[in-house]
Structures are given as structure tokens and as C-alpha cells.
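Data first, discussion second: the structure below is written as C-alpha cells.
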Ligand code: APR
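Next comes the structure, spelled out in C-alpha cells:
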């Protein structure tokens, strides 16, 4: 059993739970422009449109269930407390609903934040720009999601885990968005073995030692069992 594992997850992990990916055919970014719904400029220009986009995704995420891949990763964490760090690009709560903990580097649909004072709280199902902040009463309420051009969360903690892990797995992510797409190189530099689990090759497949192809709900439980069997 490796001593310290870092697992990076992306939208492909939640695809079989019915939540959309971004860059597959019919992906979210084929139906919405990033510039219209996922940048600070978009929010300043048309907060109602941005809230409508995230309200729709929050409602979908609220109705989704973890799939066997989420459950397998929770099992891995449970069997090796403190040794398995999940870093997710996903803003759904399916890792948590499966019983795992995860560092949400792109934020969480289930959280709101105030653009004026930075206060964070549990998001209502539907958010509006005029909702007053519970802390400062400013009408500057936004989804607690990291937009393009903003700094991802937990980067210092993630770096520490990458530099001390001996196994790094990237599951269901296209390797299109940095800094997450570069994590494999940081882990490899630290001496970790690296594995990519995906339906198909990605732009960063060449950076991984091993590849497991197939749907996450099938391949991830098999991979977790192989890691646990390694003793
Ligand atoms: N099992 C495994 N992999 C899958 C499955 C599945 N069932 N379905 C899709 N995939 C893979 C696709 O092959 C693709 O490589 O998941 C990946 C999804 O890629 P993206 O849609 O680009 O999602 P992701 O990599 O998570 O995007 C990263 O970009 O837009 C931003 O903030 C957003 O967090 C997101 C980030």
C-alpha cells in the first residue's frame, strides 16, 4: 500500500451520476460561453444570468447521487485514514455524500460567498444578486465557485500533498485547465507513480506512468481494490 495518495477528480467522475462534463460533446461549455457565466467580468456585467446558470447546476447537483467511483474513493480513505487526499475540480458534493472528504479547489455549488466582505455560508437552492449578505448586508451575493481568472482554493495545502505523495491518480479530467492539469508533473517530480483513469486519452496522457481506460464507475472500484490489495 502506498504511504500517501493524492487523487485529482474531474467532471468525468460525476458524469455517471448524471452531472454534465464541460468539454465532451454536448458538454456544458458547448451550451454556454465561459465569458458569459464563469468569469468575474460576467458576474459584474449580468449577475442575474450568472446566478441562473449556477442555480440550474445547483438544482441538478442536489438531485444527483454518488456513483460506485465516489463510493470506492470513500472506501479508500476510510481504510487508510489520513493517507488519501482527494483534490476535486468538481463543485458538486458527491464525494461528501459518499462519505469522503475532498479539497474543492474550484469551490462548491452548495456554498455562497459575499463579493463585498468574503463571508461564506450555505447556499440557498436559488440565489439572486439582491440577496443580502448575512454578515455585512451588502447585495453582493455570488456562488462560492472559482471563476476563470480567479485563484483556486487550497493551493498551498495541495502543493504540500503533491510533494509528499508516492501515488497520484487523475480521474475523469481532460487536463485542459491549470493548475490542476500540471499536478501530475509535480507529483512525478516528487517521485510518485502516476495513473490516469479516463474514458479516453487526454492532452496530458503522455505525462502519466499508467493508464486505466473505461467508465469511472467500473474502473475506479477495480483500481481501489488493486491499491488496497497491494497491502
Ligand atoms: N468515466 C471516466 N471519465 C469520463 C467519463 C466517465 N464516465 N465521462 C467523461 N469522462 C472524461 C472525459 O473523457 C474527459 O477527459 O472526463 C473528462 C471531462 O473533462 P472536462 O469536461 O474538461 O472536465 P474537467 O477536466 O473536470 O474540467 C476541469 O474546467 O471548466 C473548468 O472549472 C471547470 O472544473 C472544471 C475544469
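Residue numbers (my numbering): 423 to 653.
Using N, Cα and C, we set each Cβ at its ideal position, and we do this for glycine too.
Cross-strand partners of residue 590 (DSSP beta bridge)
428 and 616
For residue 530, the three-state DSSP class (helix, strand or coil): strand
Original post:
Just the residues with CB closer than 6 Å to a heavy atom of ligand 1, in chain order, which are they?
Top reply: 432, 433, 434, 437, 438, 443, 444, 445, 446, 449, 511, 528, 594, 595, 596, 598, 599, 620, 621, 622, 624, 637 and 638
(request) Count the other CB atoms, across all protein chains shown, that sit within 10 Å of the CB of residue 577; report buried if there are 16 or more and exposed otherwise. (result) exposed
Whether residue 618 touches residue 638 by CB criterion (8 Å)
no
query: Would you say residue 621 and residue 442 are within 8 Å of each other, going by their C-beta atoms?
result: no
In DSSP terms, what residue 633 is bridged to:
618
Next item on the list: Using a threshold of 8 Å, state whether the C-beta atoms of residue 573 and residue 477 are closer than that.
Entry: no
* **Alpha-carbon to alpha-carbon, residue 551 and residue 535** => 11 Å
task: On a CA-only basis, which of 462, 526, 480 and 515 is nearest residue 537? Give me that one, please.
output: 462
Next on the checklist: Just verifying my parser: in three-state terms, what is the DSSP assignment at residue 487?
Outcome noted: coil
* **residue 471 in three-state terms, based on DSSP** => helix
| message | Spatial neighbours of residue 449 within its chain, please: C-beta separation below 7 Å, excluding the five flanking residues on both sides. | response | 442 and 443
Residue range of the unbroken alpha helix (DSSP H) whose run includes residue 651: 638–651
Requested in this report: Can you grab the Cα-Cα spacing for the pair residue 643 / residue 471, in whole Å?
Outcome: 39 Å
message: Rounded to the nearest angstrom, what separates residue 521 and residue 445 at their Cα positions?
response: 28 Å
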